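K.L.:
Let me begin by handing over the structure; questions about it come next.
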Amino acid sequence: MPDRPTAGNAAPIADIDRRYLAAAIRLGLSAQGLTFPNPAVGAILVNDGKVAGRGRTASGGQPHAETIALHSAGANAKGATLYVSLEPCAHHGRTPPCTDAIIAAGVKRVVAGMRDPDPRVSGRGIANLRQAGLEVVADAAAESERAAHIGHKRRMESGRPHVALKMAISADGFIGRSGAGQVAITGGIASRHVQALRSRFDAIVIGAGTAEADDPQLTCRLPGLEGRSPIRIVIAGQGGIKPDLALFSSDSAVPAWVIGTTARPDGFCDDAAPERVRWLRVPGNDGQVDLAAALQALGQAGLSRIMVEGGSRLAGSLLAGDLIDEAMLFRSPSVIGEGGIAAFAGQGLTAIESAAAFAPVDRRWFGEDRMTRYLRMR
4 MPDRPTAGNA
14 APIADIDRRY
24 LAAAIRLGLS
34 AQGLTFPNPA
44 VGAILVNDGK
54 VAGRGRTASG
64 GQPHAETIAL
74 HSAGANAKGA
84 TLYVSLEPCA
94 HHGRTPPCTD
104 AIIAAGVKRV
114 VAGMRDPDPR
124 VSGRGIANLR
134 QAGLEVVADA
144 AAESERAAHI
154 GHKRRMESGR
164 PHVALKMAIS
174 ADGFIGRSGA
184 GQVAITGGIA
194 SRHVQALRSR
204 FDAIVIGAGT
214 AEADDPQLTC
224 RLPGLEGRSP
234 IRIVIAGQGG
244 IKPDLALFSS
254 DSAVPAWVIG
264 TTARPDGFCD
274 DAAPERVRWL
284 RVPGNDGQVD
294 LAAALQALGQ
304 AGLSRIMVEG
314 GSRLAGSLLA
324 GDLIDEAMLF
334 RSPSVIGEGG
344 IAAFAGQGLT
354 AIESAAAFAP
364 VDRRWFGEDR
374 MTRYLRMR
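Under our numbering, the first residue of the sequence shown carries the number 4, and numbering increases by one thereafter.
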């Protein structure tokens, strides 16, 4: 097939380039949920038609994907093409600039999926590489592929993480039963899929009401994913939160954060390591957490992608505040009946399912449960 031009580039990009770049993007996606506070980047080096090295951002965000790929390739990096999902960094942070390492290794050409929206980089990495004589193809990824860095883009441009809402909804439109604690709505296949989803986010967020009514662990318990549980976050508000919940158990090594409108109460989980149980104080309205301020605080803490799992009041407030970027609605054939809890605290499901602001982008079946994924279009 003939080469096709890419917007913003003087040189065309060949289909083989697109395939290698897509592979680098997929490699980066496999690290989602592990790289906070850095984006999950994938990099592949190709020399003389063969893969010479590959890398993805390491756990904790360093080393970066490019330096791992360069180390993997060794001397074979010289004269190679580097395919990388995000523009290589050009600033000194916790690690030296990746552009310096790329230039020093003798890489000949770089194909970058998208420019980095981080103002410390934002075109500087590309400029540095070109100044050193490398051929650079920038913004080469398709729009759908750029979604791999949707959280990083959201945090850099808006100061807050990308917010994905997950809800399991009964056939009669409820997400639980009042006073019943945790109620199984979806089947085992869908539940296991949600466990896997958790591993790909920086944090899971619930409201204090859900935390105290259900006392969930919010961890990944699938074999092989036990070590990929994200941060667990509770929106507490003025009423605070009980310290004896499973989230704060001393048996768990997974961090748990609380967002409230007051200072951390004296003695609250004092026996836990400070990095494991963290308290964030944000402004409030009528005793309730200002959710926009809470999301800004999470963005400042380095979180790029969070999944909200409940409950009804939190989901309704996020929806009312236009703070939901993505919704994954699992519709079940089971019936809740009397005492059912509405999904959005009085707002109908049409606020997502029929709203002009959201578009369905994916539909799947998990046993008898149907999941529809919606993305905000504005």
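By construction, the Cβ of each residue, glycine as well, lies at the ideal position given by its N, Cα and C atoms.
Here the structure is a predicted model, which means the values were calculated and not measured.
Pair every Cβ in the stretch 266-277 with every Cβ in the stretch 235-242, then say whether three or more of these pairs are closer than 8 angstroms.
P.N.:
In short, these stretches do not touch, since the Cβ pair count stays below three.
K.L.:
Report the residue from Leu326, Ala72, Ala362 and Ser337 whose alpha carbon sits nearest the alpha carbon of Leu168.
P.N.:
Answer by Cα proximity: Leu326.
K.L.:
Provide the residue span of the beta strand (DSSP E) that contains Val197, from first to last.
P.N.:
Not the beta strand (DSSP E): Val197 falls in the alpha helix (DSSP H), residues Gly191 to Arg201.
K.L.:
Would you call Asn50 buried or exposed, if buried means 16 or more other Cβ atoms sit within 10 Å of its Cβ?
P.N.:
That one is buried.
K.L.:
Once you ignore the five residues that flank His3 on each side, which residues in its own chain have a CB closer than 6 angstroms to its CB?
P.N.:
For residue 3 there is no data in the structure shown, the boundaries of the chain being 4 and 381.
K.L.:
In chain order, what residues of the same chain lie with their CB nearer than 8 angstroms to the CB of Ala297, ignoring the 5 residues before and after it?
P.N.:
Correct list, in chain order: Ile238, Ile262, Leu283 and Val285.
K.L.:
Work out the CA separation of Ser173 and Glu118 for me, nearest whole Å.
P.N.:
Residue identity differs from the one stated: residue 118 is Arg in this sequence, not Glu. The alpha-carbon atoms of Arg118 and Ser173 are separated by roughly 42 angstroms.
K.L.:
Per DSSP, what kind of secondary structure is Gly263 in: helix, strand or coil?
P.N.:
Gly263 falls in the strand class under three-state DSSP.
K.L.:
Grab me the residues of Ala80's own chain with a C-beta within less than 7 angstroms of its C-beta, minus the 5 sequence neighbours each way, in chain order.
P.N.:
Cβ neighbours of Ala80 beyond the five flanking positions: Leu48, Ala55, Gly56, Leu73, Ala108, Gly109 and Val110.
K.L.:
Would DSSP call Met310 helix, strand or coil?
P.N.:
Strand.
K.L.:
Taking three-plus beta-carbon pairs below 8 angstroms as touching, is the stretch 344-353 in contact with the stretch 314-328?
P.N.:
Touching, per the Cβ criterion.
K.L.:
Contact check, Ile344 vs Tyr377 under 8 angstroms by CB: the rounded distance?
P.N.:
Not quite, the Cβ-Cβ distance comes to about 21 angstroms (not below 8 angstroms), so this is no contact.
K.L.:
Quick one, are the C-beta atoms of Gly128 and Thr102 less than 8 angstroms apart?
P.N.:
Cβ atoms of Gly128 and Thr102: closer than 8 angstroms.
K.L.:
Quick one: residues in its chain with C-beta nearer than 6 angstroms to the C-beta of Arg334, no 5 flanking neighbours on either side, listed in chain order?
P.N.:
Same-chain partners within the cutoff: Ile172 and Arg373.
K.L.:
Just mark Trp260 as buried or exposed, buried being the case when its beta carbon has 16 or more other beta carbons within 10 Å.
P.N.:
Classification for Trp260: buried.
K.L.:
For the putative contact between Glu148 and Ile28, defined by C-beta atoms under 8 angstroms, what is the C-beta separation to the nearest angstrom?
P.N.:
Rounded, the Cβ-Cβ distance is 5 angstroms, consistent with contact.
K.L.:
What's the call for Val44, buried or exposed, on a 16-neighbour Cβ count within 10 Å?
P.N.:
When all chains shown are included, Val44 counts as buried.
K.L.:
Starting from the Cα of Glu138, find the closest Cα among Ile105, Ala151 and Pro122 and give me that residue.
P.N.:
If we check each option's Cα against that of Glu138, Ile105 comes out closest.
K.L.:
Candidates Ala211, Ala275 and Arg267: which alpha carbon is nearest Phe251's?
P.N.:
Among Ala211, Ala275 and Arg267, the Cα nearest to that of Phe251 is on Ala275.
K.L.:
Can you tell me where the alpha helix (DSSP H) holding Leu32 begins and where it ends?
P.N.:
Segment Asp18 to Leu32, the alpha helix (DSSP H) holding Leu32.
K.L.:
Just to confirm my understanding: we take Pro5, look at its own chain, exclude 5 residues before and 5 after, and list those with CB closer than 8 angstroms. What are they?
P.N.:
Per-residue confidence for Pro5 stands at a pLDDT of 37, beneath the threshold of 50, marking its modelled position as unreliable; the derived number appears in the next sentence. Excluding sequence neighbours, Pro5 sits near nothing in its chain.
K.L.:
Drop a sphere of 10 angstroms on the beta-carbon of Arg158, count the other beta-carbons inside from all chains shown, and report buried for 16 or more, exposed for fewer.
P.N.:
Arg158 should be labelled buried.
K.L.:
In three-state DSSP terms, what is Glu3?
P.N.:
Nothing can be reported for residue 3: it is not among the residues displayed for the chain, which extend from 4 to 381.
K.L.:
Taking His94 and Val114 to be in contact with their CB atoms under 8 angstroms, please state how far apart those CB atoms are, rounded to whole angstroms.
P.N.:
Their Cβ separation, rounded to whole angstroms, is 21 angstroms, which puts His94 and Val114 out of contact at 8 angstroms.
K.L.:
Round the Cβ separation of Ile207 and Met310 to the nearest angstrom and send it over; I've been treating them as touching at under 8 angstroms.
P.N.:
Between Met310 and Ile207 the Cβ distance is about 5 angstroms, and since that is below 8 angstroms, they are a contact.
K.L.:
Just to check my reading of the structure: Ala358 and Arg381 have Cβ atoms closer than 8 angstroms, yes? What is that Cβ distance to the nearest angstrom?
P.N.:
The Cβ separation is near 11 angstroms, so there is no contact.
K.L.:
So the candidates are Thr98, Ala150, Glu90 and Pro99; which of them puts its Cα closest to the Cα of Pro122?
P.N.:
It is Glu90.
K.L.:
Quick check on Asp365: does DSSP put it in helix, strand or coil?
P.N.:
Of the three classes helix, strand and coil, the one that applies to Asp365 here is strand, per DSSP.
K.L.:
For Ile244, does the three-state DSSP call read helix, strand or coil?
P.N.:
Of the three classes helix, strand and coil, the one that applies to Ile244 here is coil, per DSSP.
K.L.:
Should Arg203 and Gln35 be called a contact, given that it needs their Cβ atoms to be closer than 8 angstroms?
P.N.:
Their beta carbons are under 8 angstroms apart, which means Arg203 touches Gln35 by this criterion.
K.L.:
The beta strand (DSSP E) spanning Asp372 covers which residue range?
P.N.:
Start and end: Asp372 to Arg379.
K.L.:
Comparing alpha-carbon positions, which option in Gln220, Glu215 and Ser253 lies nearest Ile244?
P.N.:
Per the Cα distances, Glu215.
K.L.:
If you reduce the DSSP assignment to three classes, tell me which class Gln65 lands in.
P.N.:
Gln65 falls in the coil class under three-state DSSP.
K.L.:
If you run the structure through DSSP and keep just helix, strand and coil, what is Phe177?
P.N.:
In the structure shown, Phe177 sits in a strand (DSSP, three-state: E or B).
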